[in-house]
Amino acid sequence: MRETMRALLGLGPKTAPAPPEPPPGPRDPDEPIISFREVELSFDRPILQGVSFDLAPGTTKIVLGGSGSGKTTILRLILGLLKPDSGSIHVDGTEVGRLGEEELRPFRLKIGMVFQEGALFDSLTVGENVGYRLAEDGEMPEHEIEARVREMLGFVGLEKFYVRMPSELSGGQRRRVAFARALIAGPQIMLYDEPTTGLDPITATTITDLIAKVRDLDGVTSILVTHQLRDAFNVARTFMAKENGEFVPRMIGDLSTIEGTEFMMLRQGVVEFKGTPHELQTSEDPYIREFLS
Amino acid sequence: MASRTQLLVLSLGRRFSQRIKEVILAVQDYVLLTVRGLAAIVTPPHYYRELLAQMDGIGVQSLSIVVLTGMFTGMVLALQSAASLDAFGARPYVGRLVAISMVRELGPVLTALMVTGRVGSGMAAELGSMVVTQQIDALRVLGSDPVRKLVAPRLAAALIMVPILTVISDTVGIFGGSLISIFNLKLSWEYYWRSVGNAMVMNDLVMGFFKPLVFGLILSSVGCYMGLNTSGGTQGVGLSTTRSVVVASVTILSSDFFITKLLLLMFPVV
Numbered sequence: 332m333r334e335t336m337r338a339l340l341g342l343g344p345k346t347a348p349a350p351p352e353p354p355p356g357p358r359d360p361d362e363p364i365i366s367f368r369e370v371e372l373s374f375d376r377p378i379l380q381g382v383s384f385d386l387a388p389g390t391t392k393i394v395l396g397g398s399g400s401g402k403t404t405i406l407r408l409i410l411g412l413l414k415p416d417s418g419s420i421h422v423d424g425t426e427v428g429r430l431g432e433e434e435l436r437p438f439r440l441k442i443g444m445v446f447q448e449g450a451l452f453d454s455l456t457v458g459e460n461v462g463y464r465l466a467e468d469g470e471m472p473e474h475e476i477e478a479r480v481r482e483m484l485g486f487v488g489l490e491k492f493y494v495r496m497p498s499e500l501s502g503g504q505r506r507r508v509a510f511a512r513a514l515i516a517g518p519q520i521m522l523y524d525e526p527t528t529g530l531d532p533i534t535a536t537t538i539t540d541l542i543a544k545v546r547d548l549d550g551v552t553s554i555l556v557t558h559q560l561r562d563a564f565n566v567a568r569t570f571m572a573k574e575n576g577e578f579v580p581r582m583i584g585d586l587s588t589i590e591g592t593e594f595m596m597l598r599q600g601v602v603e604f605k606g607t608p609h610e611l612q613t614s615e616d617p618y619i620r621e622f623l624s
Numbered sequence: 041m042a043s044r045t046q047l048l049v050l051s052l053g054r055r056f057s058q059r060i061k062e063v064i065l066a067v068q069d070y071v072l073l074t075v076r077g078l079a080a081i082v083t084p085p086h087y088y089r090e091l092l093a094q095m096d097g098i099g100v101q102s103l104s105i106v107v108l109t110g111m112f113t114g115m116v117l118a119l120q121s122a123a124s125l126d127a128f129g130a131r132p133y134v135g136r137l138v139a140i141s142m143v144r145e146l147g148p149v150l151t152a153l154m155v156t157g158r159v160g161s162g163m164a165a166e167l168g169s170m171v172v173t174q175q176i177d178a179l180r181v182l183g184s185d186p187v188r189k190l191v192a193p194r195l196a197a198a199l200i201m202v203p204i205l206t207v208i209s210d211t212v213g214i215f216g217g218s219l220i221s222i223f224n225l226k227l228s229w230e231y232y233w234r235s236v237g238n239a240m241v242m243n244d245l246v247m248g249f250f251k252p253l254v255f256g257l258i259l260s261s262v263g264c265y266m267g268l269n270t271s272g273g274t275q276g277v278g279l280s281t282t283r284s285v286v287v288a289s290v291t292i293l294s295s296d297f298f299i300t301k302l303l304l305l306m307f308p309v310v
């Protein structure tokens with residue numbers, strides 16, 4: 332975690348000074364919102380080696396891999412919490428690796444992140460946790476923040492937990508509060524780091540339904556990092572259907588008909604597979620077959 | 041055989057130079073963190089709620105241990121110094137000796153060590169837990185600067201509260217000495233306090249205020265640095281806590297010597 336301290340102090344790997352960025356023009360709808368090009372990162376050992384991928388707006392990428400394969404590192408790089416040794420990472424047209432900590436703060440507002448265990452602030456109530464970003468901005472009156480927080484807690488089904496402390500919540504409830512906190516400022520991109528790890532199957536389904544809900548109803552671009560295959564396929568299969576005026580989660584039976592979701596598998600920092608859920612399911616690669624079995 | 045010895049020496053040399061490099065990098069990180077924390081105290085935005093919470097934690101909640109430590113130190117100082125001064129027939133100077141010892145040395149040092157044990161370790165544990173549970177990352181993702189939000193209020197609170205606690209400790213210690221002088225050494229109340237008053241010069245007050253400022257900065261900055269540098273889960277938090285107490289205590293005691301030497305050069309005792 333020495334990287335945390337060095338990143339806080341802006342002492343990451345040295346990168347060349349940023350060339351002047353062209354003025355922002357109208358966005359090409361086909362242009363990827365997230366783009367990795369030959370990204371390399373090492374600490375004591377190589378973490379990521381030549382990782383390249385694109386993510387189109389409104390689509391979902393599910394990153395699979397065993398422990399220590401570099402999955403979470405990808406999310407940390409997108410947020411600028413870590414800087415790559417080489418290669419480039421573009422998020423919404425901005426090269427993240429070249430931004431300093433001060434420039435990253437406003438940039439991060441367009442991204443929501445759900446951490447593995449929720450990472451809720453222990454000293455704040457659920458309501459304060461969810462409304463943290465709005466309170467920090469200082470632009471919204473307190474009563475409006477409270478109304479917005481209650482709305483978000485309603486979205487994740489925890490409206491009665493406003494004054495509870497994080498220590499009073501179960502694992503699943505903590506993740507749902509983390510969801511509400513990440514969503515409150517209306518991010519364009521959502522990142523999920525192992526959001527179902529350690530949860531029972533029913534609670535895990537609640538979480539995967541929430542991921543599908545955010546993706547389908549708000550059109551948010553998502554990256555889900557997980558090693559739970561069942562939950563990964565659940566996210567790919569689930570879609571929100573309008574029934575009797577309400578949106579309810581439903582499952583697609585045939586994997587080959589799924590659109591807008593791509594799987595990527597990492598093995599020791601190297602991309603082993605990229606493709607649709609159907610291609611993953613039918614892959615003949617021995618490592619993938621072993622992972623899926 | 042010779043080549044094996046050479047390899048061993050080379051390996052030791054490499055390890056030693058690696059360790060030196062790590063220490064230099066750690067000192068660089070520590071200094072940068074402290075400077076950024078101090079800069080954040082004087083530049084907006086400020087987190088007043090956090091500052092008040094820290095002042096309460098460092099000041100109000102440390103009051104009882106500081107009062108107890110000060111009181112018993114003053115009392116034992118009176119007893120011990122009386123035993124030595126009696127040999128020269130100088131028992132009436134007990135008040136002077138207690139006051140000078142408390143204000144110049146024992147008050148600032150013992151207060152700082154007690155606060156380090158209670159608060160510095162707490163800072164390391166709290167920030168360390170925040171690191172291992174990714175709360176520091178969450179703060180950064182949510183647009184906050186952890187140095188401004190967490191480090192600056194802790195440094196500011198220590199800079200304000202440690203000198204105040206030291207003054208309280210000094211006062212209680214001198215009062216404790218007076219109780220022993222009156223009830224055990226049979227000195228008069230007036231004589232003791234006149235002796236205390238006569239002993240105090242500007243140099244003592246400068247030392248009495250300057251030292252706690254430096255010690256407050258050391259104990260809080262070391263606590264924050266160790267906490268933010270935590271790795272390895274809950275075991276790492278325990279390790280950071282222990283390290284913060286050891287490093288801060290040793291730094292306080294060693295810096296005490298250099299501050300004393302410097303202040304005696306600047307304001308010589310006549």
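If you read the protein sequences in the order shown, they are chains Z and S.
Sequential numbering from 332 applies to the first sequence in my numbering.
Sequential numbering from 41 applies to the second sequence in my numbering.
Ideal Cβ placement from N, Cα and C applies to all residues, glycine included.
Does any C-beta atom of chain S lie closer than 8 Å to the C-beta of Gln447 of chain Z? Taking the first residue of the first sequence as position 1, residue 447 of chain Z is located at position 116. Yes, contact with chain S.
If we count the other Cβ atoms within 10 Å of its Cβ and call it buried at 16 or more, is Ile60 of chain S buried or exposed? Residue numbering aside, residue 60 of chain S sits at position 20 when the second sequence is read from its first letter. Under this definition Ile60 of chain S is an exposed residue.
Could you compute how far the alpha carbon of Asp477 of chain Z sits from the alpha carbon of Glu603 of chain Z? By one-based count along the first sequence, residue 477 of chain Z stands at place 146. By one-based count along the first sequence, residue 603 of chain Z stands at place 272. At residue 477 of chain Z the sequence reads Glu, which differs from the Asp that was named. Answer to the nearest angstrom: the Cα atoms are 45 Å apart.
Using the beta-carbon count (16 or more within 10 Å), is Gly584 of chain Z buried or exposed? Position 253 of the first sequence, counted from the first residue, corresponds to residue 584 of chain Z. The C-beta of Gly584 of chain Z has fewer than 16 other C-beta atoms within 10 Å across all chains shown, which makes the residue exposed.
Give, in chain order, every residue of the segment 79-112 of chain S whose Cβ lies closer than 7 Å to some Cβ of chain Z. Within the segment 79-112 of chain S, no residue qualifies.
Out of curiosity, what's the CA-to-CA distance linking Gln504 of chain Z and Met444 of chain Z? In the first sequence, counting from the first residue as 1, residue 504 of chain Z sits at position 173. In the first sequence, counting from the first residue as 1, residue 444 of chain Z sits at position 113. Approximately 16 Å, taken between the alpha carbons.
Does the beta-carbon of Ile542 of chain Z have 16 or more other beta-carbons within 10 angstroms, so that it is buried, or is it exposed? Numbered from 1 along the first sequence, position 211 holds the residue referred to as residue 542 of chain Z. Counting every other CB atom within 10 Å of its CB across the protein chains shown gives Ile542 of chain Z a total of 16 or more, marking it as buried.
Please decide whether Leu440 of chain Z counts as near chain S, where near means a Cβ-Cβ distance under 8 Å. On the first sequence, residue 440 of chain Z is found 109 positions in, with the first residue counted as 1. Proximity of Leu440 of chain Z to chain S, defined by a Cβ-Cβ separation below 8 Å, is satisfied.
Determine the closest residue to Ser184 of chain S out of Z:Asp524, Z:Arg495, Z:Leu440, Z:Val545, with distance taken between C-alpha atoms. Here residue 184 of chain S corresponds to residue number 144 of the second sequence, with the count starting at 1. Nearest to Ser184 of chain S by alpha-carbon distance, out of Z:Asp524, Z:Arg495, Z:Leu440, Z:Val545, is Z:Leu440.
By the criterion of Cβ-Cβ separation under 7 Å, what are the contact partners of Thr173 of chain S in chain Z? Taking the second sequence and counting its residues from 1, the one referred to as residue 173 of chain S is at position 133. The contacting residues are Glu448, Ala450.
Strictly under 8 Å for the Cβ-Cβ distance: is Tyr523 of chain Z near chain S by that measure? For the purposes of this step, residue 523 of chain Z is identified with residue 192 of the first sequence, where counting begins at 1. With 8 Å as the cut-off, Tyr523 of chain Z does not count as an interface residue toward chain S.
Taking only beta-carbon positions, decide if Leu257 of chain S is within less than 8 Å of chain Z. By one-based count along the second sequence, residue 257 of chain S stands at place 217. The C-beta of Leu257 of chain S comes no closer than 8 Å to any C-beta of chain Z.
Evaluate Glu166 of chain S with the Cβ neighbour count: other Cβ atoms within 10 Å of its Cβ, from every protein chain shown; 16 or more gives buried, anything less gives exposed. Within the second sequence, the letter at position 126 stands for residue 166 of chain S. Counting other Cβ atoms within 10 Å of its Cβ, Glu166 of chain S reaches 16 or more and is therefore classed as buried.
At a Cβ threshold of 8 Å, is Arg495 of chain Z touching chain S? One-based indexing of the first sequence puts residue 495 of chain Z at position 164. Chain S, which has no Cβ nearer than 8 Å to the Cβ of Arg495 of chain Z, makes this no.
Distance, Ala93 of chain S Cα to Leu623 of chain Z Cα: Sequence index remark: in the first sequence, residue 623 of chain Z carries index 292 (1-based). Sequence index remark: in the second sequence, residue 93 of chain S carries index 53 (1-based). Going from the Cα of Leu623 of chain Z to the Cα of Ala93 of chain S covers about 51 Å.
Delimiting residues of the beta strand (DSSP E) encompassing Gln120 of chain S: Walking along the second sequence from the start, residue 120 of chain S turns up at place 80. Under the DSSP assignment, Gln120 of chain S falls outside any beta strand (DSSP E), being part of the alpha helix (DSSP H) whose first and last residues are 103-125.
Output yes if chain S places a C-beta closer than 8 Å to the C-beta of Glu467 of chain Z; else output no. Numbered from 1 along the first sequence, position 136 holds the residue referred to as residue 467 of chain Z. With respect to chain S, the C-beta atom of Glu467 of chain Z has a partner C-beta closer than 8 Å.
Proximal residues of chain Z, C-beta to C-beta of Ser57 of chain S below 9 Å: Indexing the second sequence from 1 puts residue 57 of chain S at position 17. Within chain Z, no residue comes near Ser57 of chain S; the closest Cβ sits about 17 Å away, beyond 9 Å.
Chain S residues whose Cβ lies nearer than 7 Å to that of Tyr463 of chain Z: The residue labelled residue 463 of chain Z in the question sits at position 132 within the first sequence. From the beta-carbon of Tyr463 of chain Z, the residues of chain S found nearer than 7 Å are Leu182.
Any Cβ of chain A within less than 8 Å of the Cβ of Met483 of chain Z? Given the protein chain composition of this structure (Z and S), no chain A is represented.
Can you pull the DSSP bridge partners for Tyr523 of chain Z? Translated into the one-based positions of the first sequence, residue 523 of chain Z becomes position 192. Looking at the DSSP output, Tyr523 of chain Z bridges to Z:Val445, Z:Leu555.
Listed from N- to C-terminal order along the chain, which residues in the segment 236-270 of chain S have their beta-carbon within a distance smaller than 7 Å of any beta-carbon of chain Z? Those residues of the segment 236-270 of chain S that come within reach of chain Z (Cβ to Cβ, closer than 7 Å) are Leu268, Asn269, Thr270.
Interface partners of Val187 of chain S on chain Z, CB under 7 Å: As a first step, residue 187 of chain S is located in the second sequence; it is residue number 147 there, counting from the start. Those are Leu339, listed as they occur along chain Z.
Collapsed DSSP secondary structure at Val602 of chain Z in the structure displayed: Within the first sequence, residue 602 of chain Z is the residue found at index 271, counting from 1. Note: Val602 of chain Z maps to strand in three-state DSSP.
For a cutoff of 8 Å on Cβ pairs, would you count Thr335 of chain Z as touching chain S? Your numbering for residue 335 of chain Z matches position 4 in the first sequence. For Thr335 of chain Z, the answer is yes, since a Cβ of chain S falls inside 8 Å of its Cβ.
Closest Cβ-Cβ distance between Met444 of chain Z and chain S: below 8 Å? Taking the first sequence and counting its residues from 1, the one referred to as residue 444 of chain Z is at position 113. Yes, because at least one Cβ of chain S sits closer than 8 Å to the Cβ of Met444 of chain Z.
At which residues does the alpha helix (DSSP H) containing Met154 of chain S begin and terminate? Your numbering for residue 154 of chain S matches position 114 in the second sequence. Secondary structure note for Met154 of chain S: its alpha helix (DSSP H) is the uninterrupted segment 147-155.
Terminal residues of the beta strand (DSSP E) in which Ile292 of chain S lies: Position 252 of the second sequence, counted from the first residue, corresponds to residue 292 of chain S. Ile292 of chain S -> not in any beta strand (DSSP E); alpha helix (DSSP H) instead, spanning 273-306.
Below 8 Å on C-beta distance, what does Arg76 of chain S contact in chain Z? As a first step, residue 76 of chain S must be located in the second sequence, where it is residue number 36. By Cβ distance, chain Z contributes Leu340.
Which residues in the same chain as Pro348 of chain Z place their Cβ atom closer than 6 Å to its Cβ, once the five residues preceding and following it in sequence are excluded? Residue numbering aside, residue 348 of chain Z sits at position 17 when the first sequence is read from its first letter. Residue confidence is low: Pro348 of chain Z scores 49 on pLDDT, short of 50, so the model does not pin down where it sits. No coordinate-derived value is stated.
Give me the Cα-Cα distance between Arg283 of chain S and Met266 of chain S, rounded to the nearest whole angstrom. Taking the second sequence and counting its residues from 1, one reaches residue 283 of chain S at position 243. Taking the second sequence and counting its residues from 1, one reaches residue 266 of chain S at position 226. Cα to Cα, Arg283 of chain S sits roughly 7 Å from Met266 of chain S.
Using Cβ-Cβ distances below 7 Å, what residues of the segment 388-415 of chain Z are close to chain S? Of all residues in the segment 388-415 of chain Z, Leu410, Leu412 have a Cβ within less than 7 Å of some Cβ in chain S.
With a cut-off of 8 Å, do at least 3 Cβ pairs link the segment 253-260 of chain S to the segment 217-235 of chain S? Counting Cβ pairs under 8 Å, fewer than three are found: no touch.
For Glu490 of chain Z, report the span of its beta strand (DSSP E) as first-last. Residue 490 of chain Z sits at position 159 when you count from the first residue of the first sequence. Premise fails: Glu490 of chain Z is in no beta strand (DSSP E) and is neither H nor E.
Alpha carbon to alpha carbon, what distance is there between Arg407 of chain Z and Ile365 of chain Z? Residue numbering aside, residue 365 of chain Z sits at position 34 when the first sequence is read from its first letter. Residue numbering aside, residue 407 of chain Z sits at position 76 when the first sequence is read from its first letter. If I take the Cα positions, the gap works out to 13 Å.
Ends of the beta strand (DSSP E) at Ala130 of chain S? To locate residue 130 of chain S, count along the second sequence from 1; it is residue 90. Where Ala130 of chain S is concerned, there is no enclosing beta strand (DSSP E), given that its DSSP letter is neither H nor E.
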